[in-house]
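The numbers in the working numbering rise by one with no breaks, and the one at position 538 of the sequence shown is 539. Input: a single structure, listed below in C-alpha cells.
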Amino acid sequence: MESVRGEVQSILFHNPETGYAVVRLKAADQPGLVTVVGGLGSVVPGEGLAVSGQWQKHPKFGRQFQARAWEQTVPASINGIKRYLASGMIKGLGHSLAQRLVDTFGNQVLDLLDQDPERLLEVEGIGPKKLEKITNSWNAQREIRSLMLFLQTHEVPTTYAGRIFRLYGANAVSKLTQNPYELAYEISGIGLKTADKMALKLGFPLDSPQRLEALIVYTLFQHSEAGHLFCPMHELLDKVHKVGDSVPADGLEESVARLEEKKRVRIVNLPEQGIEQAVFLHHFYRWEKEIAARLMDLTTHPSALNPDTVHEQLHSLIKTSQIRFSSEQLEAMDKACKHKTMIITGGPGTGKTTLTTIIVTALRRLGFKVKLAAPTGRAAKRLAEATGSFAQTLHRMLGFSPGEGFAHNEDRKLKADAVLVDEASMLDCQLFVHLLRAIPLTCRLILVGDVNQLPSVGPGHVLADLINSQVLPTTVLTHIFRQAQESMVVVNAHRINQGKLPLASPLSPPQADFFWVQQDDVQKVQDLIVYMVCERMPTIYNLDPIREVQVLTPMHKGKVGTQELNARLQERLNASGREVRSGNRIFRVGDRVLQTKNNYEKEVFNGDLGWVRDFDRETGELTVAFDEARVSYAQSEFEELTLAYCISVHKSQGSEYPAVIVPVVTQHYLLLQRNLIYTALTRAKRLAVLIGSKKAMHIGLDNVSGSKRYTHLEHRVRNAAKGIA
C-alpha cells in the first residue's frame with residue numbers, strides 16, 4: 002500500500018451514518034489537491050490526515066486515492082487550525098470565535114484545549130457556560146478519535162464508530178474490550194461475524210461464555226427471520242454449530258441457561274405441541290402472552306351498544322342494498338352484531354370486500370367512529386377504494402415515528418369505537434401487540450384477510466393462529482359468487498389452494514384472463530416473460546407494459562429472478578432514459594421502482610410503487626413519483642429503491658395489478674410453496690400468466706410446509722379463554 006499525508010481542505014461528500022467521505026487533501030509531495038475517498042469517519046476541514054491505500058482512476062472523476070487505513074492528526078498551520086475550529090466539529094465555536102482564539106493563542110490553542118482549557122476564558126465571547134460546551138465537545142471528539150484508532154487497530158470497519166460512540170460514549174473502548182459481542186445485540190447493521198472477528202483479535206477464546214451466548218442469540222434471530230417465534234432446544238443447538246466457525250461441542254446448554262438468567266431468552270415446555278424446552282427470545286415470549294391476554298380483555302369487556310340495535314341497522318342495509326348475500330356473509334354480519342372481536346377470511350370472489358363495506362357502513366350509521374387500516378400502503382389504498390372510506394397503514398394510524406415508537410399505545414389509546422384491519426394475514430406478532438395496546442377496551446376489532454396467502458414477513462402466524470384457536474368468532478367465506486366463477490383467475494386460485502393443477506381458459510385472447518404456458522427450459526421462460534411483457538400483452542390486451550404488467554417471482558437470483566429480469570426488462574422498456582448508477586444499480590428517468598423500506602419522513606413505505614421522474618446531475622438527487630406525491634432521494638438513499646419491472650411475490654402482498662406474469666420453475670424449488678403460487682395468482686385483476694414446468698408446479702402444490710411456523714399463540718389464546726395463565 003502507498004501513503005499520502007496532508008491537510009484536509011474541503012469535504013465534497015460525507016455520510017455521517019457510514020463514515021464514507023470524499024475529501025480534498027493538500028499533500029506536500031503531490032501537485033495540486035488530492036481526492037481521497039473511503040470510510041474516513043468524522044473528518045473535518047483543517048485537520049491532518051495520514052492515509053494508507055492505493056491510487057485508482059475513476060472513469061468519471063479521474064485520479065483518486067482509495068483509503069484503506071488512516072490516522073487523523075492535529076492541524077499544522079494557523080489557517081488549518083482556524084478552519085478546523087470553525088468546521089462545526091466543536092459545538093459553541095463559529096468562524097468569528099475561531100478567529101479570535103487563533104489571534105489570541107496562535108498555534109498553541111489546540112494544546113490549551115487539551116491541557117489548560119480555562120485559559121480560553123481570556124477570549125472575548127467565552128464565558129463559563131460557553132467554555133463548558135466547548136470542552137465537552139472537544140473531549141467527545143478526542144474520545145471518538147481514540148475509538149477510531151482502536152477499531153482500525155483491530156480491523157473493525159470504522160463506519161460504525163459514530164453509532165458505537167452514541168451508545169457507549171467515553172467508555173466505548175472499555176466496553177468493547179469487556180464484551181465486543183454486545184455490538185451485535187445493540188447496534189443494527191453490526192452482525193455477529195464482525196463482532197466475532199473483533200473479539201477473537203482481542204484474545205477472546207472460541208469457547209468464551211460471551212461468544213457462545215452471542216452465537217445462540219444470533220441463531221434465534223436468524224430463525225425468527227423465517228417467521229418463527231421459538232426454536233426447540235435440540236434444533237437450536239444443531240443450528241448454532243452451523244452458524245459459527247469452530248463452535249465447541251460442550252457448553253451450549255449452559256450458555257442457554259445463563260441467557261435465561263439474564264432474561265434474554267425464555268425456556269418453556271409446550272406439551273400441547275409435544276415440544277420440550279422451546280427456546281424463545283424473551284421479547285417474543287412476552288409478546289405472545291400479551292396478545293392472548295389483551296385479546297381476552299377486549300373480547301370479554303362489555304359493549305356499550307345493544308346487539309339488537311346493530312342487527313336492525315344491518316338488516317335495514319341488507320334490504321336496501323339490492324345485493325344477494327350468501328349465507329356465510331349473513332352469518333358474518335350476525336357475528337359483527339354480537340361480538341367485540343371477529344375474523345372474516347376467504348379467498349378471491351367470496352365477497353370479503355362487499356361484506357366489509359356493509360359492516361363499516363352499518364357501524365358508522367350507528368354513530369361509531371370506525372378506523373380502517375392495513376399493514377401496507379398499497380393494501381390501505383385498496384381498502385379505501387373498495388369501501389369509499391379513508392384508510393391508512395397501521396403504522397400511520399398508530400402514529401409511528403423512528404426512534405420514538407408508537408404515539409398511540411397503552412397510555413394514549415386510539416379514539417375509535419371500531420377498528421377494521423384488512424390483509425390481516427400480513428400481521429406479524431410485533432405489529433399486532435402494538436395494535437392491541439392502542440385499542441380501548443370499549444372498541445370492536447374486526448380482522449379481514451385470506452389465511453391461505455403467504456404469512457407475514459415478520460415473525461409470527463397471527464391470523465392463522467387466531468383462527469385455529471377457535472376462540473374468536475370467525476366466518477370462513479367459501480361460496481364463490483357467479484360473476485367471480487366466470488374468472489379463471491379466481492377458479493384457478495381456488496384449485497391451487499386445494500393442491501390441484503390449474504385449468505386452461507375456455508376463451509381465446511383477448512377474452513381469456515388466465516394462461517399456463519408450460520416450458521421446461523429456464524432461458525426460454527425468461528425470453529417468454531420479456532416477450533409477453535413488451536409485445537404480446539400490449540398488442541393483444543392493450544396493456545401498458547410499464548404501468549399495468551407486473552412480473553412476480555419467488556427469488557432474486559437466477560435466470561428468472563428479480564435481478565436478471567429487471568435488467569432485461571429495463572433494457573427493453575427504458576433503454577434511453579437519463580441514468581444514474583449506484584453500486585450495481587442503474588436507475589433511469591421513466592423507470593418503475595419499488596420502495597423497499599418504510600421511510601416516515603418521506604411518507605413512503607415498503608412496497609410502494611413509483612416512477613422515476615427526474616435526475617438532477619448537480620445535486621445527484623432522483624425524483625420519484627408515488628401517485629400524486631413527488632419524493633426526492635439523495636444518492637445515499639438510493640438503496641431504499643429497487644427496479645420494479647419484476648418484484649418478489651413477498652413484496653406484492655397486499656397489492657393488485659391489472660396483469661401478472663409468474664415464473665414457476667424448478668430452479669426456485671427452495672421457495673416453491675402452494676401459498677406462494679396462490680398469493681402470486683391472486684394479485685391479478687384482469688389477466689394472469691403462469692410460465693414454467695409441470696414438475697415445478699407439482700413441487701409447489703405439494704409443498705405446504707412453508708406455512709408452518711414455530712409459534713404458540715393458538716394455544717395461549719385457547720388457554721387464556723379458559724382462564725389458564
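A virtual CB, placed ideally from N, CA and C, is assigned to each residue, including glycine.
Under the three-state DSSP convention, the category residue i falls into
{"i": "E657", "result": "coil"}
{"i": "V458", "result": "coil"}
{"i": "E72", "result": "strand"}
{"i": "S328", "result": "helix"}
{"i": "H557", "result": "coil"}
{"i": "G578", "result": "coil"}
{"i": "N469", "result": "helix"}
{"i": "D359", "result": "The sequence shown places Ile at residue 359, not Asp. Looking at I359 - three-state DSSP - the assignment turns out to be helix."}
{"i": "E487", "result": "coil"}
{"i": "P118", "result": "helix"}
{"i": "H435", "result": "helix"}
{"i": "L207", "result": "coil"}
{"i": "I587", "result": "strand"}
{"i": "G761", "result": "Limits of the chain in this structure are 2 at one end and 726 at the other, which puts residue 761 out of reach."}
{"i": "K709", "result": "coil"}
{"i": "G701", "result": "helix"}
{"i": "H15", "result": "strand"}
{"i": "T475", "result": "strand"}
{"i": "I678", "result": "helix"}
{"i": "E405", "result": "coil"}
{"i": "E277", "result": "strand"}
{"i": "F639", "result": "helix"}
Run of the beta strand (DSSP E) containing residue i, from where it starts to where it stops
{"i": "D615", "result": "L610 to D617"}
{"i": "L34", "result": "L34 to G40"}
{"i": "Q57", "result": "G49 to H59"}
{"i": "Q179", "result": "No beta strand (DSSP E) contains Q179, which is instead part of the alpha helix (DSSP H) from A173 to Q179."}
{"i": "K686", "result": "A685 to G693"}
Residue of the options minimising C-alpha distance to residue i
{"i": "G107", "options": "R164, I82 and W612", "result": "I82"}
{"i": "A293", "options": "A22, I79, D30 and I468", "result": "I468"}
{"i": "A681", "options": "L671, Q454 and G621", "result": "Q454"}
{"i": "N599", "options": "T394, R684 and R573", "result": "T394"}
{"i": "A645", "options": "S322, E411, D592 and L623", "result": "D592"}
{"i": "K131", "options": "I165, G93 and M149", "result": "G93"}
{"i": "K709", "options": "H242, Q674, N720 and G562", "result": "Q674"}
{"i": "M489", "options": "T479, H480, P503 and L478", "result": "P503"}
{"i": "H15", "options": "V35, G39 and A250", "result": "G39"}
{"i": "E641", "options": "Q668, T597, S656 and L672", "result": "T597"}
{"i": "E313", "options": "L428, A363, V422 and A375", "result": "A363"}
{"i": "W56", "options": "L86, V5 and K27", "result": "V5"}
{"i": "R101", "options": "V613, A660 and I79", "result": "I79"}
{"i": "K474", "options": "V718, R631 and T105", "result": "In the sequence under discussion, the amino acid at residue 474 is Pro, which differs from the Lys named in the question. Taking only the C-alpha atoms, the option nearest P474 is V718."}
Continuous alpha helix (DSSP H) stretch holding residue i: start and end
{"i": "K414", "result": "It is not in any alpha helix (DSSP H) - K414 carries neither H nor E in the DSSP assignment."}
{"i": "H224", "result": "P210 to S225"}
{"i": "P308", "result": "P308 to S322"}
{"i": "V248", "result": "Careful: V248 lies outside any alpha helix (DSSP H) and carries neither H nor E."}
{"i": "R544", "result": "The amino acid at residue 544 is misidentified as Arg; the sequence shows Leu. Premise fails: L544 is in no alpha helix (DSSP H) and is neither H nor E."}
{"i": "A200", "result": "L193 to K202"}
Cβ-Cβ separation, residue j to residue i (assumed contact under 8 Å), whole Å
{"i": "A722", "j": "V458", "result": "Contact doesn't hold; Cβ gap of about 29 Å is too wide."}
{"i": "Y711", "j": "H229", "result": "4 Å"}
{"i": "C1", "j": "D418", "result": "With the chain running from 2 to 726 in the structure shown, residue 1 is simply not present."}
{"i": "A380", "j": "G655", "result": "3 Å"}
{"i": "L623", "j": "V581", "result": "7 Å"}
{"i": "L672", "j": "P555", "result": "4 Å"}
{"i": "P349", "j": "T683", "result": "5 Å"}
{"i": "V361", "j": "L446", "result": "That pair is no contact at about 13 Å."}
With 16 other Cβ atoms within 10 Å as the buried cut-off, status of residue i
{"i": "V705", "result": "exposed"}
{"i": "K416", "result": "exposed"}
{"i": "T643", "result": "buried"}
{"i": "Y679", "result": "buried"}
{"i": "T479", "result": "exposed"}
{"i": "E125", "result": "exposed"}
{"i": "S43", "result": "buried"}
{"i": "W139", "result": "buried"}
{"i": "K263", "result": "exposed"}
{"i": "E133", "result": "exposed"}
{"i": "N567", "result": "buried"}
{"i": "N676", "result": "buried"}
C-beta neighbour in chain D for residue i, strict 8 Å
{"i": "Q471", "result": "In the structure shown, chain D does not exist; there is a single protein chain."}
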